[in-house]
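Asks:
Protein chains in written order, with the UniProt record's numbering: chain A, 1 to 462; chain B, 1 to 462.
1. On the premise that residue 310/A lies in contact with residue 249/A, defined as a C-beta separation below 8 Å, what is that separation, rounded to the nearest angstrom?
2. List, in order along the chain, the chain B residues whose C-beta lies closer than 7 Å to that of residue 184/A?
3. Look at the alpha carbon of residue 464/B and the alpha carbon of residue 298/B, and state the distance between them as a whole number of angstroms.
4. With the cut-off set at 8 Å, would you say residue 202/B and residue 375/A are in Cβ contact?
5. So with CB distances below 7 Å, who are the chain A contacts of residue 386/B?
6. Note the first and the last residue of the continuous beta strand (DSSP E) segment covering residue 338/B.
7. Return the first residue and the last residue of the alpha helix (DSSP H) that residue 272/B is part of.
8. Among residues of its own chain, excluding the 5 on either side of residue 95/A, which ones have a beta-carbon nearer than 6 Å to its beta-carbon?
9. Runs of 4 residues minimum, wholly inside the stretch 256 to 316 of chain B: which ones carry the alpha helix (DSSP H) assignment?
10. Quick one: what's got a C-beta closer than 6 Å to residue 222/B's C-beta in the same chain, skipping five residues either side?
11. Measuring only between beta-carbons, confirm whether residue 447/A sits less than 8 Å from chain B.
12. DSSP puts residue 357/B in a beta bridge; with which residues?
13. Would you give the residue range spanned by the alpha helix (DSSP H) that residue 421/B belongs to?
14. Please list the residues of the stretch 219 to 242 of chain A that have a C-beta atom closer than 8 Å to any C-beta atom in chain B, keeping them in chain order.
15. Please classify residue 100/A as buried or exposed, where buried requires at least 16 other C-beta atoms within 10 Å of its C-beta.
16. From what residue to what residue does the alpha helix (DSSP H) around residue 215/A run?
17. What are the boundary residues of the alpha helix (DSSP H) that includes residue 108/B?
18. How is residue 323/B classed by DSSP in three states: helix, strand or coil?
19. List the whole-angstrom C-beta distance separating residue 198/B from residue 414/A, where the pair is believed to meet the contact cut-off of C-beta under 8 Å.
20. When DSSP labels each residue in this structure, what does residue 495/B get in the three-state scheme?
21. DSSP has residue 399/B in a bridge; who is on the other side?
22. Would you call residue 364/A buried or exposed, if buried means 16 or more other Cβ atoms sit within 10 Å of its Cβ?
23. Comparing the C-beta of residue 457/A with each C-beta of chain B, is any distance below 8 Å?
24. Buried or exposed for residue 247/B, please, with buried defined as at least 16 other CB atoms from any protein chain shown within 10 angstroms of its CB.
25. To the nearest whole angstrom, what separates the beta carbons of residue 158/A and residue 193/A, a pair I think is in contact under 8 Å?
26. Considering only the alpha carbon of each residue, which of 397/A, 127/A, 447/A and 373/A lies closest to residue 263/A?
27. Which of helix, strand or coil does DSSP assign to residue 156/A?
28. Do you know whose CA, among 434/A, 398/A and 456/A, lies nearest residue 171/A's CA?
29. Could you check what DSSP says for residue 328/A in three-state terms: helix, strand or coil?
30. Under 8 Å Cβ to Cβ from residue 439/A, same chain only, skipping five residues before and after it: list those, please.
31. Between residue 422/A and residue 341/B, what straight-line distance do the alpha-carbon atoms span, to the nearest angstrom?
32. By the three-class DSSP mapping on this structure, what secondary structure does residue 83/B have?
33. Looking at the secondary structure, which residues open and close the alpha helix (DSSP H) in which residue 454/B lies?
34. Give me the residue from 321/A, 123/A and 368/A with the minimum Cα distance to residue 417/A.
35. Starting from the Cα of residue 115/B, find the closest Cα among 205/B, 238/B and 124/B and give me that residue.
36. Find the residues of chain B that neighbour residue 100/A, judging by a C-beta separation of less than 7 Å, and give them in chain order.
Structure (structure tokens):
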């Protein structure tokens, strides 16, 4: 994880450097110092169009100049190998290679099981938080302010404690069947989390320093919005995972497929610009993305449906043998569907069968693929707009050819919420195991009451 | 509800007005136009101390000048009556009168029952949202931007739909015992809410306009943070109310008592300044507030504990007769407590009883009063810092002598969360009625399974 280090200390910013004419030099310098953020020199807010600006967009470029940006230098050896190709192709190949590497790595983590996936999600989340927060630091230039860095990391830890501990506790209760290991932590989980948050809140109020109020409040809001985006999404991703790995793998793959296929279609057929925010995106790419995602999404869903490893919920995971064992729910059992009448007629003519055998999940995957390919890109447009607002090219430089992690995961933003809401609304019945846990927490007389009410409800005569 | 109307239309801000010398005139003008926000003229960001500012604190005063601020004009008739008194006393009396009026109004709403309280909470929430958002509009001067006002109100409606509908549905299910009235809305509640949010999100992305990106994103964040503060708090307040009105009335009263008593103690004995953020607050006021809140809080708790109207949960509310009927839980039954040994000895000497009869709730109220008087004020400091950051005196002018609604409810901010977490962690066992509702939603075979597991667990032999 990249940490941001001040080159200079003290409270006031350093004097202005030489004018930024020698861009080529500074880009090399940027290479070396991309883990440092230098506090920026002052440039007078002289306004070109006579409009006063509360947020001064004129010097943002200078403020964010030192943030790490993607570069081709880190893949020098690839560059040498691909030197013969034109620039456009070279970029495409570098990007493809690293896409494949990521897909392979992702596959490996899936193989290691749900705990590894949870850890991966956590790591990605922390890195995304760091990337977004680093922009805030640069933009509001609060590097000299006491406590601010610690405070936002503290908030990250607090909110992660709140969300992750809950998931972990659930994991241990359901998988290891030992809910009592962490009983005190479970019982007082919310109270502990809230206490941690209140400490952060009081800390923030006490750290307020005159002259910096506005920037401190802005960064406080920035931290909260970042947490809202990053931590809640990763919590939902893990919750989806618990319903069966398929609910995690299929949506993530769909976004990847849509990104890649839209890029591919745009690359080969792209002509009509789609939206001003992302000038490289085209209607051809968008539509190609939708169609590919729907088809490939259905194929992947169909393939995964037959493996218990992907369709069984977390309760049925055996962490020692690293396998899932369960009777798959109806969603994952082949079902005979009648075709619509018009199609039946056509199929009759050609002597084809008039019913089709499908996993019901494949039909659900249709909804997922439409969302991921139609609404998903708006997460990308949102990120593009954000980058334009702050005049940065990328959120970071960890993945060659791709930029920062946020650049890659921008479209996943709303997807996790969608899947979660979708499962909750259309798929999941309340979980009997969880309800039993709830009942066991009741007083014996209430348990007895429920037992009798249930007896009545089920018309059981003794 | 005050709506903000542009005096001028079009995309560019109007030319600069006359220099702001005649403050007395402009304050009168302010009176007349306090429901309007005028788009602010340009003032060049010439910097006095040579530091460049991304957020330019130098002209904030001009930007927010037209926001409604508290004034004594609205209580002219009172002013005339109190003209003989010195200014400090007059302020105090105006403030006290309106405090009493508010307390009386609040009592009336409590008398009308839980539905009226829910509506009151909703109204306060909407007004608080409007006050905070209005500052954002002025500060980022996006009055000319298409859609922005509609968008943030849309977001308010969406999040209220999400939170309030859930509470209302619960209310109808538990109180009117007719969960089926709203069945489709309940089943797809999350999906509908999420769809509404996604529409807002897409709308925001499509409304992005070059040159305004930074301000649009800032205001988007501003809206989200405001929603986080305002809507979630009011949701939690209602959830607390459902556990019994006492969980709502006692905490709210404690904050009011603490505010008033700290003010009173500070007014009479205040000498030592407490915190730079709020120069009027003193240690004497703070400590006086804590002691008064603990004592008065216990007294109020003790008094309320004996009324079913306050201690029964929402399930036991009869909306036609407007009464609560239940057997109060152990928390609200007089219990004999032994005094600590040292106290017992002292009491023995004086021939006093060595046990004390208390409602257990009174002991819980100790935790609530300590939180409300020690941490509660930090909500106020936070609001003070916020007002200082934006150089405004008050959030609004709806309550004479008090300012805006946010000024009055700033300390309630963390209290609702605390009470909710406290109930969840230390008081509430899972609700048997809710668990039964969950079981009835299961498939018959799962219901049967739970029945058998429960039979085993309870060691029932047939």
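Here a beta-carbon is modelled for each residue, glycine too, at the ideal position from N, C-alpha and C.
Replies: The short version:
1. Here residue 249/A corresponds to residue number 249 of the first chain, with the count starting at 1. Here residue 310/A corresponds to residue number 310 of the first chain, with the count starting at 1. Indeed they touch by this definition, with Cβ atoms about 7 Å apart.
2. As a working mapping, residue 184/A is identified with position 184 in the first chain. The premise fails here: residue 184/A is roughly 11 Å from chain B at the closest Cβ pair, so nothing lies under 7 Å.
3. No answer is possible for residue 464/B: the residues shown for chain B start at 1 and end at 462.
4. In the second chain, the residue the question calls residue 202/B occupies position 202. In the first chain, the residue the question calls residue 375/A occupies position 375. Going by beta carbons, residue 202/B and residue 375/A fall inside the 8 Å limit.
5. Counting from 1 along the second chain, the entry for residue 386/B is found at position 386. Per Cβ cutoff of 7 Å: 217.
6. By one-based count along the second chain, residue 338/B stands at place 338. Element bounds for residue 338/B: 335 to 338.
7. The residue labelled residue 272/B in the question sits at position 272 within the second chain. That residue, residue 272/B, is in no alpha helix (DSSP H); it is neither H nor E in DSSP.
8. Residue numbering aside, residue 95/A sits at position 95 when the first chain is read from its first letter. Closer than 6 Å at the Cβ level, and outside the excluded window around residue 95/A, lie 401.
9. Fully enclosed alpha helix (DSSP H) runs of 4 or longer: 283 to 305 and 308 to 311.
10. Walking along the second chain from the start, residue 222/B turns up at place 222. Excluding residues within five positions, the ones whose Cβ falls inside 6 Å are 136.
11. As a first step, residue 447/A is located in the first chain; it is residue number 447 there, counting from the start. Interface residue, yes.
12. Position 357 of the second chain, counted from the start, is the residue given in the question as residue 357/B. Residue 357/B is bridged to 336/B.
13. The residue given as residue 421/B occupies position 421 in the second chain. Segment 412 to 422, the alpha helix (DSSP H) holding residue 421/B.
14. 221, 222, 224, 225 and 228
15. Residue numbering aside, residue 100/A sits at position 100 when the first chain is read from its first letter. Per the 10 Å Cβ criterion, exposed.
16. Taking the first chain and counting its residues from 1, the one referred to as residue 215/A is at position 215. Residue 215/A -> alpha helix (DSSP H) spans 213 to 242.
17. Residue 108/B sits at position 108 when you count from the first residue of the second chain. Per DSSP, residue 108/B belongs to the alpha helix (DSSP H) from 87 to 112.
18. Counted from its first residue, the second chain places residue 323/B at position 323. Of the three classes helix, strand and coil, the one that applies to residue 323/B here is strand, per DSSP.
19. By one-based count along the second chain, residue 198/B stands at place 198. By one-based count along the first chain, residue 414/A stands at place 414. So it is a contact: roughly 6 Å between Cβ atoms.
20. Nothing in the structure corresponds to residue 495/B, since chain B is present only between 1 and 462.
21. Taking the second chain and counting its residues from 1, the one referred to as residue 399/B is at position 399. DSSP output for residue 399/B lists 403/B as bridge partner(s).
22. Locating residue 364/A in the first chain gives position 364, where the first residue counts as 1. So residue 364/A counts as buried.
23. One-based indexing of the first chain puts residue 457/A at position 457. Yes, because at least one Cβ of chain B sits closer than 8 Å to the Cβ of residue 457/A.
24. Within the second chain, the letter at position 247 stands for residue 247/B. Answer is buried; the Cβ neighbour count reaches 16.
25. As a first step, residue 158/A is located in the first chain; it is residue number 158 there, counting from the start. As a first step, residue 193/A is located in the first chain; it is residue number 193 there, counting from the start. Between the beta-carbon of residue 158/A and that of residue 193/A there is about 7 Å, and that keeps the pair under the 8 Å contact cut.
26. Locating residue 263/A in the first chain gives position 263, where the first residue counts as 1. Sorting 397/A, 127/A, 447/A and 373/A by C-alpha distance to the C-alpha of residue 263/A places 373/A at the top.
27. Stepping through the first chain from its first residue, residue 156/A is reached at position 156. The three-state reading of DSSP puts residue 156/A in helix, counting H, G and I together.
28. The residue you call residue 171/A lines up with position 171 of the first chain. Checking every option, the nearest Cα to that of residue 171/A belongs to 434/A.
29. In the first chain, the residue the question calls residue 328/A occupies position 328. The three-state reading of DSSP puts residue 328/A in coil, since its state is none of H, G, I, E or B.
30. Position 439 of the first chain, counted from the start, is the residue given in the question as residue 439/A. Only 447 and 450 meet the Cβ criterion.
31. Translated into the one-based positions of the first chain, residue 422/A becomes position 422. Translated into the one-based positions of the second chain, residue 341/B becomes position 341. Residue 422/A and residue 341/B: Cα-Cα distance of roughly 59 Å.
32. Here residue 83/B is taken as the residue at index 83 of the second chain, counted from 1. Correct three-state label for residue 83/B: coil.
33. For this step, residue 454/B is matched to residue 454 along the second chain. Residues 444 to 457.
34. Here residue 417/A is taken as the residue at index 417 of the first chain, counted from 1. Looking from the CA of residue 417/A, the closest CA among 321/A, 123/A and 368/A belongs to 368/A.
35. Sequence index remark: in the second chain, residue 115/B carries index 115 (1-based). Nearest to residue 115/B by alpha-carbon distance, out of 205/B, 238/B and 124/B, is 238/B.
36. Residue mapping note: residue 100/A aligns to position 100 of the first chain, counting from 1. One finds nothing in chain B with a Cβ atom closer than 7 Å to the Cβ of residue 100/A; even the nearest lies about 30 Å away.
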